[in-house]
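Residue numbers (my numbering), protein chains in the order written: chain A, 1135 to 1587; chain B, 1135 to 1587; chain C, 1135 to 1587; chain D, 1135 to 1587.
Beta carbons are placed, not taken as given, at the ideal position from N, Cα and C, and that holds for glycine.
Note that the coordinates shown come from a computational prediction; the quantities given were computed from them, not determined experimentally.
The structure appears right after this line, and notes come after that.
There are 4 protein chains.
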Amino acid sequence: MSARFATRSLGERSIRSPLSFVAPFVHGLPDGAPGFTHDDAGVLYDIELPRHASHVVPRAFERAGPREMIFFDPKKVTAGVVTAGGVCPGINNVLRSIAVELRHRYGVERILGFRYGFAGLDVRSSEIPFELTTDVVRDIHSRGGTFLGTSRGICDVEFLTAGLAKWGVDVLFTIGGDGTMRAAHMIDAEARKRGMRVAVVGVPKTIDNDIPFVDKTFGFDTAIATARMAIDAAHAEARSVDRGVGLVKLMGRHAGFIATHATLASHDVNACLIPEVPFELGGPGGFLAWLDERLARRRHALVVVAEGCSKGFEGLPVELDASGNVRFNTEAGDVGHLLRHAIEQHFEGSGRKATLKYIDPSYMVRALRATAEDAIFCDALARHAVHAAMAGKTDILVGRWHRRFTHVGLDDVLAHVKRVDPTSDLWCQVLESTGQPPFRNSTSERSERAVVK
Amino acid sequence: MSARFATRSLGERSIRSPLSFVAPFVHGLPDGAPGFTHDDAGVLYDIELPRHASHVVPRAFERAGPREMIFFDPKKVTAGVVTAGGVCPGINNVLRSIAVELRHRYGVERILGFRYGFAGLDVRSSEIPFELTTDVVRDIHSRGGTFLGTSRGICDVEFLTAGLAKWGVDVLFTIGGDGTMRAAHMIDAEARKRGMRVAVVGVPKTIDNDIPFVDKTFGFDTAIATARMAIDAAHAEARSVDRGVGLVKLMGRHAGFIATHATLASHDVNACLIPEVPFELGGPGGFLAWLDERLARRRHALVVVAEGCSKGFEGLPVELDASGNVRFNTEAGDVGHLLRHAIEQHFEGSGRKATLKYIDPSYMVRALRATAEDAIFCDALARHAVHAAMAGKTDILVGRWHRRFTHVGLDDVLAHVKRVDPTSDLWCQVLESTGQPPFRNSTSERSERAVVK
Amino acid sequence: MSARFATRSLGERSIRSPLSFVAPFVHGLPDGAPGFTHDDAGVLYDIELPRHASHVVPRAFERAGPREMIFFDPKKVTAGVVTAGGVCPGINNVLRSIAVELRHRYGVERILGFRYGFAGLDVRSSEIPFELTTDVVRDIHSRGGTFLGTSRGICDVEFLTAGLAKWGVDVLFTIGGDGTMRAAHMIDAEARKRGMRVAVVGVPKTIDNDIPFVDKTFGFDTAIATARMAIDAAHAEARSVDRGVGLVKLMGRHAGFIATHATLASHDVNACLIPEVPFELGGPGGFLAWLDERLARRRHALVVVAEGCSKGFEGLPVELDASGNVRFNTEAGDVGHLLRHAIEQHFEGSGRKATLKYIDPSYMVRALRATAEDAIFCDALARHAVHAAMAGKTDILVGRWHRRFTHVGLDDVLAHVKRVDPTSDLWCQVLESTGQPPFRNSTSERSERAVVK
Amino acid sequence: MSARFATRSLGERSIRSPLSFVAPFVHGLPDGAPGFTHDDAGVLYDIELPRHASHVVPRAFERAGPREMIFFDPKKVTAGVVTAGGVCPGINNVLRSIAVELRHRYGVERILGFRYGFAGLDVRSSEIPFELTTDVVRDIHSRGGTFLGTSRGICDVEFLTAGLAKWGVDVLFTIGGDGTMRAAHMIDAEARKRGMRVAVVGVPKTIDNDIPFVDKTFGFDTAIATARMAIDAAHAEARSVDRGVGLVKLMGRHAGFIATHATLASHDVNACLIPEVPFELGGPGGFLAWLDERLARRRHALVVVAEGCSKGFEGLPVELDASGNVRFNTEAGDVGHLLRHAIEQHFEGSGRKATLKYIDPSYMVRALRATAEDAIFCDALARHAVHAAMAGKTDILVGRWHRRFTHVGLDDVLAHVKRVDPTSDLWCQVLESTGQPPFRNSTSERSERAVVK
């Protein structure tokens, strides 16, 4: 490869690597060769698209940033903000920076914060929105939760669009996850149908970090910090008794990002279980057999399991919440409790007793103040959302890709999902860190993977 | 632009943006058009270099990762580790993960940790290196500092290379900053001259985040978290009195990365001063005139200054430390103290007294335990360093570029510097966050900028 | 009153206080007058017992501290340490300070740390105790859990005493709760029976703070700090939705100390439920009626419940653990889950839906590193335990009373229990802070209260 | 001793204790016997004064708490609050709880928060006080500093008393230190002279913990937690280099409480220097000789010095601040800098170089959010202050003595000082923890000690 940044090697490589756990993985780089990294794999120095790219145009995102010419007259515009879905560290940072950027940088004077999610925007609602003045938002970034209030589920889009008209909103910021982005997309369509000129800009929020085309969602760093604290505690418990097992359940209904990152942050975890990598509990090669061996050899074990690891637990009762999401949190079907019981029963029966401590930090990981890293990220997201909206961009969310801020069309977002890719560097690092073997699983085929990380 | 991820806009943009502070900036994207972002600016979706890139090969880094065929036989190899320069959060995480990856994943049995930097590697030293066994490294990641010890300055490279021979080291990991990378580069050359087959792999460490071709150095996230705490305290002090000024000095001899990021993390800072953006203290348009106006209008002010902001303070006495770096920390020439006195004198003289509280968290920002985010990063850096070394790569450091791990040749690294680019998104975000004006400066020309972020 | 420190009042008090919630309380000071504090109630300036107290000797504890003449010859003594029962923040601080005081201050050279609780002391055990050298204990105070390991339940006292003889232990430190103190008491008796001269000194440890004659047990401050974090999260969740209920379950099987103190530390809790103050869920004046009213009026509520609040939940299945303690943690009988279901059912049925978020920090409150305050306390407890043991004191624990360190005979300790006194200042402060009403309860009589705080 | 709680000893004590460092101390208990603790020293079980104490009345404080009959009619009363002097963790907790107790428990409707200390109460001031409504105080406890603002120095008491009359204040809460209590005392006298019926109640606030007749002032626990963080960082720095010295300067102009407690919380400090225990730097038996020996033996050292340790540094320039307090913080006379230079010069000259890292957390220790422990304490202090004021108590502060809340007359408070007693358990524990020798000092006599702890 004639690329600019050459590196040097000592000589011929003639020894086969002992890293057996890499074998099943396909890095896909380059050309999908199976396993391991090739020397001619490269990372582009410059990831900005050349302006007048001649013929072949690679896939790219529109760059976010302040536009020289804008669509809305700041003096006449009314902005609205909605936070929907679950809470997440940093929402208040986003709210504050949206308000500050609009008011102090652009000169927008009317900024309405609708209460309790889309319910407060509904034309039939009796809630009066907050005016997001400087005094109102000054200190909200020191607190968790959402200052505006949130709710799950959305009512008829017509009522929401009528709400926009009622309050004269020209620019709407929707801070939320999948469901919120779907609502934003529909509101945009409805507004267009009605001939309303409303810019609808999404700020992606999900504690699970599972929004496609976004490097990392805000609040994630904070969630990992709190999750590490829970893992530290479980580690202390596990090491403090003979044959101690520390079990920590972390959020992640469909994606194991919190579980994998918290595992890596800890360094001490011995097994990490996520929905994307199925495993069997019993039998040879199963999780319990490994745990048995680990306890015999090392006298304690530390296990992290993601909320959505329901494979292998048949007959799991399923409930839906108001947004139509699966509710995993009821005790009966809670994976943490199921796994805990499975482990306890296994050792109880075997005569080799283990002492298990179970920690479920649950909402603690999502309701605390944003870490410094997250605070910076929230601020940048908010300001880029304002730049986009003032320029008249609509039906988009503000994303981050390879550490650059971008605009991503909502239909692209809604057509994909993001999961932990079991062939990625991320999962490879988890295996290196934990030393866990590939657990046996009868259903190795994976589906619905689209965007990997 | 025909790129894949299209976005939609409401219509023609005909209003000129009021964001005056963007004007002087050149985003350089695309085609170096002055100021603001263009709609046809894009961010590439895929940043991996195509394998058989036909004709035009863009600049790229070699991809880090485990190689299928390796150079060293794990059973016969002796590894050595050195930590040099100042401490940084996460060094112990790196040490632990290097040891774990070498021993448990590759099967390397002899891992030597040299004491107190290169001094311990010197063939004339009487220090016995630590054997980095599992028991020795198990819990070191819960502490700050460097478990091995460090020192500044390096002796003659010949003595160090002789030290490698004395201890039979085949693979050397050097964890450090500029000076350390220079030493690694020289050791590699000397070893080659002697016909020794030694792989020398650097892990970049600098609290200031100023190593080129690396997204972010480890420990930086932790430093920002601690710096934010200091800023929070200064903010509380400033708001608690009439005409209160909170002044926080942060590390950064040549680069203002800590100051800028901590400013953004806080949201509350009113002015951020960094070496890359010169400013004058006195006179109209100077910093003190702004501060005067701010106190009159808002009754308190919060200011962050980077260590290296010595412009404008003439007659600054200069000392050098053992590594030949400028020592800024002596009180006489300390920028924090100089600025504090300048402010106090200004208001004392004017009859409009201000109450200033000065906080210098100094070494606190670099000696604490790594945050979760940093811990993950340290672990990945360490493992990639091991993969590189076992594959026989030498004279490189393990970098991260656009969130991918890379190999970067040390001569490339040593030939560049990394600074805050005053035309970058980063500095633009600082201006948006603080609302600070461009302070007058007589010497606007900038030099030695090479790699921007 | 002619006491030394006089205070002044403005004049006659003729208005009846509106503090109705004080009415049912009996402060007992002085002379058991019902309710409120009298002006002639006083707090003694000096609480040290006069040395040659002539005739009437008030109840007092023996003062802890270094004795001039000691019983054991430091050069010949063998010390042993056991940690038993659940973990608690600060155990490692205690272990470290015991070892440092023994070795560096007294010159004791042989200090054995028995593994995994009393099981490791059992003469039949194959576990080899740790030698607690300076190197071994140097950094253990930076971690949670117990470095030695612990276990629940004790085997036959004869085997333990035989274990003391086997290892030649002259001085035994037992760090633990109720069960551990009972074991220590029995070991002391057995050793005396055998004519062994062994000093058995207890260091009281219980996360629940329910050991009598001890102001506050170590680790409690840390537990409260973590519990406050959980409450902060629940508060953010509750405020972030319309009709949000944050419910936090905290440890405390029999005593509500963690729940009350965490409630006070938060300032934001609206109701605190503890085992010592029975309440009814349903009916007028019950908890649910109050919650209904609170949500209608304020749109959110924050509730803390102690683990042991099982009254009102009939048919609660009871299990015992290895130490014979009631296990409340199984989901079926878990008070947090029971209360959560009761609340959800209540509002589900009523048509006035509430959104409840449940947080159970469980083991997180007891497995983290000790706070600064706790670390100081642990250090002092440990050193006083060493002073006592070296002086030949036995069958005692080291306590703290009115901020003085004391010796308390184990039979006194074992004959009493410590609970939150519903007539105390502590509970009064909880009522002032939460504003909660006295909930109706049919069984107001309380039993087994002995020592109040 | 026939006291109730008997303890048992193994037998005759015939060995002299090796604890030589106890020798110079006088525990004073009982009967002033020199050194060590006697077996017949006791701690009273009950510290409440018997109500109808017959003849001999021991010294005692009046008990704080809600009175049944009160002086002011809540519906007609106007309350005022002033915060003065430096900030301290927990001030906002105190403000919030005063407001909540007054409004929600007593029904007081008019609560005025004067801005920026006594300056805002001055009848000539143009500042409008805040109305402390529920909305205003709701979230202030999550922040450091003082929500009301503060200032140093007080103007003529007549103007302040006239301010009380101007705003119709019946009840004044003054939150502050020495100077504030003196002002409160004078305001009370002036108001009495004018025939005004105003209750003036102080809440003692000082980060240095040096207010007499108060166990511990609020914010102290938080200060220690932050100080420990600084010490942890200095420890990591010191251990990370050969012959590393970590030096931490902590607040404490006259009293070494922060330095001693932070030393104990860390466990890692090797020498703690406080104003109450003079020491010489040079010469045999001096501090530098000890440091030399320590570095030779252990290769690193960790030293804590209190701000007020100016003895031994002759020619220290002295400045006074607006309250007439000595300003130690200017660099020239800063003890931390002086000590640092002394150490560096000593080793520079000797040819045995040491690497010193100096950390001065300064205002960080006093401007952060209150810890859980402090938050509880602040809440209780505030509520007791309200009880006292509503009952018409005046010219007092609310104190805590042996963990009971008390009323202390301000003239008693102003007539005494509180210092670390070098013969106390506290200092003894410091010596046990650090292992530091008694440094030589030529001026061993101490003065102005009155109240010890």
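Considering only their Cβ atoms, is the gap separating R1377/C from A1509/D smaller than 9 Å? Against a cut-off of 9 Å, the Cβ pair of R1377/C and A1509/D comes out as no contact.
Looking at the secondary structure, which residues open and close the alpha helix (DSSP H) in which G1372/A lies? What sits at residue 1372/A in the sequence shown is Ala, not Gly. From DSSP, the alpha helix (DSSP H) with A1372/A extends over 1354-1373.
Return the bridge partner residues of R1272/A from the DSSP annotation. In the DSSP assignment, R1272/A forms no beta bridge with any residue.
Taking the alpha carbon of G1569/A as the reference point, which residue from T1171/B, A1213/B, Y1240/B has its own alpha carbon closest? Cα-wise, what sits closest to G1569/A is Y1240/B.
N-terminal and C-terminal residue of the alpha helix (DSSP H) that T1340/C is part of: T1340/C: not part of any alpha helix (DSSP H); DSSP gives it neither H nor E.
R1230/B at chain C interface by Cβ criterion, 9 Å: So no, R1230/B is outside the interface.
When the cut-off is 9 Å and only beta carbons count, does H1161/A lie next to chain B? Annotation note: pLDDT 41 at H1161/A (below 50); position unreliable, coordinate value reported separately. Residue-level contact by beta carbon holds for H1161/A and chain B, with a gap shorter than 9 Å.
Burial state of P1418/A (16 or more Cβ within 10 Å): It is exposed - the Cβ of P1418/A has fewer than 16 other Cβ atoms within 10 Å.
Neighbour flag for L1266/A against chain B, beta carbons, 9 Å: Not one chain B Cβ lies under 9 Å of L1266/A.
For G1487/B, count neighbouring C-beta atoms within 10 Å of its own C-beta (all shown protein chains included) and say buried if the count is 16 or more, exposed if not. The sequence shown places Lys at residue 1487/B, not Gly. K1487/B is exposed by the Cβ-count criterion.
With a threshold of 9 Å between beta-carbons, can M1203/B be considered close to chain A, or not? Yes, its Cβ sits closer than 9 Å to a Cβ of chain A.
R1277/D: contacting residues in chain F (beta-carbon distance under 9 Å): Included in the structure are the protein chains A, B, C and D, with no chain F among them.
Proximity of A1405/D and R1428/D at Cβ, strictly below 9 Å: Cβ atoms of A1405/D and R1428/D: closer than 9 Å.
Residue of E1414/D, H1401/D, P1495/D minimising C-alpha distance to E1441/D: Ranking the options by Cα distance to E1441/D, first place goes to P1495/D.
Our contact map puts E1507/B next to E1507/A with C-beta atoms below 8 Å; I'd like the distance itself, whole angstroms only. Rounded to the nearest angstrom, the Cβ distance from E1507/B to E1507/A is 6 Å, consistent with a contact under 8 Å.
Residue closest to K1383/D, alpha-carbon to alpha-carbon, out of G1485/D, Y1492/D, R1326/D: Taking K1383/D as reference, the option from G1485/D, Y1492/D, R1326/D with the minimal CA-CA separation is Y1492/D.
Note down the Cα distance separating E1544/B from G1470/B, rounded to an integer number of angstroms. The identity of residue 1544/B in the sequence shown is Leu, whereas the question assumes Glu. If I take the Cα positions, the gap works out to 34 Å.
Chain-ordered neighbours of R1373/D on chain B, where CB pairs are closer than 7 Å: The answer, in chain order, is G1279.
Cβ-based contacts, 7 Å cut-off: residues of the region 1494-1509 of chain D near chain B: From the region 1494-1509 of chain D, only D1494, P1495, S1496, Y1497, M1498, A1501, L1502 have a Cβ closer than 7 Å to chain B.
In chain order, what residues of the same chain lie with their CB nearer than 7 Å to the CB of G1390/C, ignoring the 5 residues before and after it? Scanning its chain for C-beta atoms nearer than 7 Å, with the 5 sequence neighbours on each side dropped, one finds around G1390/C the residues I1408, P1409, E1410, A1440, V1554, in chain order.
By how many angstroms is the C-alpha of I1232/C removed from the C-alpha of L1306/C? Between the alpha carbons of L1306/C and I1232/C lies a gap of roughly 11 Å.
For V1221/C, would you say it is in contact with chain A, using Cβ-to-Cβ distances shorter than 9 Å as the test? It does; some Cβ of chain A falls within 9 Å.
Along the alpha helix (DSSP H) that carries H1471/A, what are the first and last residues, could you check? Looking at the DSSP string, the run of the alpha helix (DSSP H) that includes H1471/A is 1469-1484.
In whole angstroms, give me the CA-to-CA distance for L1560/D and D1355/D. Answer to the nearest angstrom: the Cα atoms are 16 Å apart.
Whole angstroms are fine: how far does the CA of K1527/A sit from the CA of D1173/B? Taken atom to atom, the span from the alpha-carbon of D1173/B to that of K1527/A is near 10 Å.
Could you check where the alpha helix (DSSP H) with K1300/C kicks off and where it finishes? K1300/C -> alpha helix (DSSP H) spans 1291-1301.
Give the secondary structure of T1171/C by DSSP, where H, G and I count as helix, E and B as strand, and everything else as coil. For T1171/C, the secondary structure class from DSSP, reduced to helix, strand or coil, is coil.
Relative to the C-alpha of P1346/A, which residue among K1552/A, I1288/A, A1198/A is closest? Considering only alpha carbons, the answer is K1552/A.
Could you tell me whether the Cβ of K1300/B comes closer than 9 Å to any Cβ of chain D? Contacts with chain D at 9 Å (Cβ-Cβ) do not include K1300/B.
Assuming G1310/A and T1217/A make a contact with CB atoms under 8 Å, what is their CB distance in whole Å? For a cut-off of 8 Å, the C-beta gap from G1310/A to T1217/A is around 7 Å, short enough to register as a contact.
May I ask you to list, following chain order, the residues of the region 1533-1561 of chain D that have a beta carbon less than 8 Å from some beta carbon of chain C? If the cut-off is 8 Å between Cβ atoms, the region 1533-1561 of chain D has W1535, H1536, R1537, R1538, F1539, T1540, H1541, V1542, G1543, D1546, D1559 near chain C.
Tell whether a beta-carbon distance below 9 Å holds between V1272/B and R1230/B. Here residue 1272/B turns out to be Arg, not Val, going by the sequence shown. In this structure, R1230/B lies closer than 9 Å to R1272/B by Cβ.
For the alpha helix (DSSP H) containing I1232/D, name the first residue and the last one. 1225-1234 is the span of the alpha helix (DSSP H), which, as asked, contains I1232/D.
Could you tell me which chain B residues have their CB closer than 9 Å to the CB of M1363/D, listed as they occur along the chain? Annotation: Cβ neighbours of M1363/D in chain B (cutoff 9 Å, chain order): T1360, M1363, M1498, L1502.
Please confirm whether A1370/A and L1282/C have their CB atoms less than 9 Å apart. Against a cut-off of 9 Å, the Cβ pair of L1282/C and A1370/A comes out as no contact.
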